[in-house]
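Only one structure is covered here, and it is reproduced in the block below.
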Amino acid sequence: MSARTLPVLVVLIALAAVGVVIPAAEARAAGAAGGDGDGDGAGAGAGDGVIALVGGEVLPVSGAVLPVGTVLVEGGLITAVGADVDVPAGATVIDCSGKIVTPGLIDADSALGLDAATLTGRLPGADVVAADTFDAWDARLRTALRQGVTTLHLGAGRTQTVGGLASVVSIGRPGAAPFVRDGALVVNVSTTAAASGLPGAARVAGIRALFIAAQYREDGLERWRRDLAEYEEERLVDAALPEERLLLPPELLERMRRWSPGARAAWRVAAYKSMGRPKSYTKPKKPRAAPRTPGDDPNMETIASVLGVDDDDDDDDDGVRRAFLRAELSGDVGAALSMVRDFDLTAVIAGGEGLRARADELVKARVGIVLTSTGDTSLPRTSPLARRLPGLGAALAAKGLRPAIASGGAAPARFLRLLAAREAGEGMSPGEALAAVTLWAAEAAGVADRAGSLAVGKRADVVVWDGDPLAAASRAAHVLVAGREVDLASR
Amino acid sequence: MRAARPASPTPAIWRTTTRAVSRAALALCLAAVVAAPVAARADDPERAADLIVRVGRLHVGDGTVLRGAVIVIDEGRFVSVAEDGTVPPGVPVRVFADAVACPGFVDAVTQIGLDGGAAESPEARTPDVRAADAFDVHHRDLRPVLAAGVTTIGLLPAPSNVAAGRAAVATLRADGSAAVIERVGAPVFALRPPALRADRVPNTIAGARALLEAAFEGRAWTTSGEGAVAVRRAALDALAGMRDGPALAYVSDVEEARVAVETLGGRGLSPTLVGLRAAWKDPAAVAALGAPCVVTDLSLNDSEALLSLPAELARRGVGVSLASGAPGRSLRMALALAVAHGLPAKDAVPAVTHRPAAVLDVADRVGRVAPSLRADLLVFSGEPWEPSSRVLLSVVGGEITEERP
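Protein chains in written order, with the working numbering: chain W, 366 to 856; chain P, 36 to 440.
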């Protein structure tokens, strides 16, 4: 441990100690005032602030099933789950006998409430934050709530190469702050879903180029400028000199030597294009305009911030390095996996049939998995996105992966439980199918420490069903979002 | 009466005998259930039945449910079905004690395997277009449909012309191909866009009505002036020759449904309303027309009001069927969505089996688990309308295509 990090640690520990006290006090204050807090934990229901869900079959997802159990909710959080939990006097009791209690469902890749411009904007759109364009009054959110969906991981743009930052929001609390505003960086690796106009390899190379440019934005772009100025001269000296030698740091060049000539050529197209150079790369000329500096380019700024590139001189990564990569075909999944490795990303890969062939690599790479191909689309039959063979969820779960099942869209998000049910019908166990739309979805959305199961300390997003949550005919009888019961009757 | 029976290798006299024997077998079932499988074998002592299945519960297809049903299948057909049947020792039988069985699904309105071949024509009347003529019995889309439990499909000409043509019916085979069992099926009419469109006549519902009424009387219908349409004599004759029998009418809203029932019903045809995707605003008015309904294309993208339409119609006594419609739609998900929005359990299985078979006028051949009908059987781990139910056994035309013990 260096002398430099020690004082930082001391401060952190002190802050942590204070942090334990303050939120608790805040929660109490908010509860007493009955005021609406932010999306996270504050605010209790009317009355004494304790809600007891009594007598139901409890499926906590993170623990064993309780044939008859009690869930206590206070201050927006789950405070007790068990077979013999004492219900405090004055608590609001919800009788759940004959019913089934589960965590609220989480759609791990949703577009519900996002406007079309966010989803299909020009490329790249890294500076878009999904939560900023979320319409909390979208009428379909009501239906979703009635179907037990309480949380959405909004996957931001779907057609741009870089689609912005994903967010996590709660349904049923319009006006509340998002659960997570600046989430994972959404990257649409998939070559089929995109409107970039670039063919597959060049497209992937373009994304990589963006990342590389952001990663080396200080000296990299500085060198880029200098090298461009020297370009003409250098070219005369050595006509066969590969262009990238002029532009890139040596360690990357070393890696690129192993690429095929075709991959290098494709990279060059995309790199030149993405860095504001003219399209033609075969006969590059001295640029008339100076290349954009990273500070001028919000895309680069966002990518740089996610990758943790900062201006100070130390080598630590301040960014979260979280990425949400959409990859449909198995080739796209391979490209996504190589990005995860090369840029050291904490990643979730969302896709469909292409994941099956790469299951072993996905296990090794320790990435999260989201299944988004609903298989019930109006896509042309020739589209590989529409091709989905049965039993995908079961096949991935059998490999030890924890695939979240997501709608991948807006309207289908309402019927997340039927999508999970279908995976159960194709081989997942009912427990796995429920986990795939609760705990595993929370993991994919990066909120598993606060949501996704009925565990003490997690946020009280709870659904009481009048039957099996995966059965078509079942209905949600009660839905709690952040400890507050939602009125399901109103539209 | 239908002229063409499905192709069968056995001579007619033998079939008649089998039918008589199976009728006797059914009588025996009612009298003494234990004897049923034995009776089935008794008519041919040289060999046992091809397949005997015992399930916890059986949705026959017409709304009735049998407990502990024993189903005997021979030569591709159901031979006998008995409630609480026991199987004599020594007879090999597949037992699915807690499972639920139902007939193979019948998807009444599809364009699977047509690839647009039965669609476009510059003329509003193409009653002699036959969907069967454009049907590829080896189309690659047939296999996933079979895997989803659909064993009979109705092939409809696309709704591009007011008198669109003739429907066809095909059954799927275990190898993923199909066989057309009804080449010239019910006439199909379209009283909605794109058949009614701005660039040709008729382009209004009133015009379509006038065209049909004139055609039924054998008159050439024209508008005045340049909108006149040249009418092929054969097309006119085909329409004038329609006197009674079933008909299918693509409609979307209530007004189109009303005109379909009045015009086609006035001719003596028995119309079934197909589509109805804009009829959710007034289910009562649709129900009042008294025609059977096929709600098509239900998907995860639809509004709650539309997804509730099958339930609303069923509640008012309408015989509702569900159909996939456009390619890529899942009939099973449509059924699950309809049930999730209130379609009662007693209507759920009939909506995808017996009723669509009746709509296609093949209810005497498919759509129920009953003696002499084609042996299309699905055995699920739970209720057939639940997406979470797994297929444990799938029998198509008497052949097992999928089995999970």
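Idealized CB from N, CA, C, for every residue including glycine.
Values in this document were obtained by computation on a predicted structure and should not be read as measured data.
Query	Result
With 16 other CB atoms within 10 Å as the buried threshold, where does S115(P) fall?	buried
Mind checking whether T516(W) and I471(W) have CB atoms under 8 Å apart?	yes
Below 8 Å on the Cβ atoms is my contact criterion, and I expect A431(P) with L86(P) to pass it. Report the Cβ-Cβ distance as a whole number of Å.	Just to set this straight, residue 431(P) is Val in the shown sequence, not Ala. Contact flag wrong, Cβ pair sits at about 12 Å.
What does DSSP give as the partner residue(s) for G360(P) in the beta ladder?	T145(P)
Would you report the Cα separation of R523(W) and V713(W), rounded to the nearest angstrom?	15 Å
Verify the CB distance criterion: does T457(W) have a CB-CB separation below 8 Å to chain P?	no
Below 9 Å between beta carbons is the criterion; list the residues of the segment 421-434 of chain P that meet it against any residue of chain W, in chain order.	E421, P422, S423, S424, R425 and V426
Quick check: what's the CA-CA separation for E418(P) versus A373(P)?	14 Å
Return the bridge partner residues of V414(P) from the DSSP annotation.	A136(P) and L428(P)
Do S695(W) and A722(W) have their C-beta atoms within less than 8 Å of each other?	yes
By the 10 Å Cβ neighbour count, where 16 or more other Cβ atoms means buried, how is G740(W) classified, buried or exposed?	Because G740(W) carries a pLDDT of 48, less than 50, the predicted location of this residue cannot be relied on, and the following value inherits that uncertainty. The residue in question, G740(W), is buried, as its Cβ has 16 or more Cβ neighbours within 10 Å.
Which word fits G513(W), buried or exposed, when buried means at least 16 other C-beta atoms lie within 10 angstroms of its C-beta?	buried
Can you find a CB in chain W that lies within less than 8 Å of the CB of A371(P)?	yes
For the alpha helix (DSSP H) containing T737(W), list its first residue and its last residue.	Per DSSP, T737(W) belongs to no alpha helix (DSSP H) and is neither H nor E.
D474(W) and T711(W): beta carbons closer than 8 Å?	no
In the DSSP assignment, what are the bridge partners of I572(W)?	Beta-bridge pairing links I572(W) to no other residue.
For G447(W), which residues from the same chain have a beta carbon less than 8 Å from its beta carbon, with the 5 sequence-adjacent residues on both sides left out?	L431, G434 and T435
Please look up how many angstroms separate the CB atoms of K801(W) and A785(W), rounded, as I've assumed it's under 8 Å.	The displayed chain sequence assigns Ala, not Lys, to residue 801(W). Sure, about 6 Å apart at Cβ, within 8 Å.
Between E297(P) and chain W, is there a C-beta pair that is closer than 8 Å?	no
With 8 Å as the threshold, decide whether the Cβ of L783(W) is near any Cβ in chain P.	yes
CB V533(W) to CB G548(W), shorter than 8 Å?	yes
Here's the rule I'm using: 16 or more other beta-carbon atoms within 10 Å means buried, otherwise exposed. How should W830(W) be labelled?	buried
Below 8 Å CB to CB, which residues in the same chain sit around D142(P) once its five sequence neighbours on both sides are set aside?	V180, V185, T187, I188, G189, A358, S359, L366, V387 and P391
Could you work out which residues of chain P lie near L835(W), taking near to mean beta carbons separated by less than 7 Å?	S423
Looking at the C-beta of E339(P), does it have a partner C-beta in chain W at a distance below 8 Å?	yes
Taking just the CA atoms, how far does A375(P) sit from T99(P)?	21 Å
Count the other C-beta atoms from every protein chain shown that fall within 10 angstroms of the C-beta of W420(P), then say buried if there are 16 or more, exposed otherwise.	buried
Count the other CB atoms within 10 Å of the CB of A841(W); is the residue buried (16 or more) or exposed (fewer)?	buried
Could you give the DSSP three-state label for E347(P): helix, strand or coil?	helix
Near A813(W), which residues of its chain fall below 8 Å by C-beta distance, leaving aside the five closest residues on each side in sequence?	L804 and A807
State the Cα-Cα distance for the pair G716(W) and P237(P), rounded to the nearest angstrom.	46 Å
Within 10 angstroms of its Cβ, does S423(P) collect 16 or more other Cβ (buried), or is it exposed?	buried
Comparing C-alpha positions only, which one of S429(P), L93(P), A213(P) and W315(P) sits nearest to D176(P)?	A213(P)
How should C130(P) be labelled, buried or exposed, when 16 other C-beta atoms within 10 angstroms of its C-beta is the threshold for buried?	One point to set straight first is that residue 130(P) is Val, not Cys, in the sequence displayed. Looking at its Cβ environment, which holds fewer than 16 other Cβ atoms inside 10 Å, V130(P) is exposed.
Between the Cα of E619(W) and those of A504(W), A778(W), D707(W) and R779(W), spot the shortest distance and give me the residue it belongs to.	D707(W)
Strictly below 7 Å CB to CB, what residues from chain W border V374(P)?	A837 and A838
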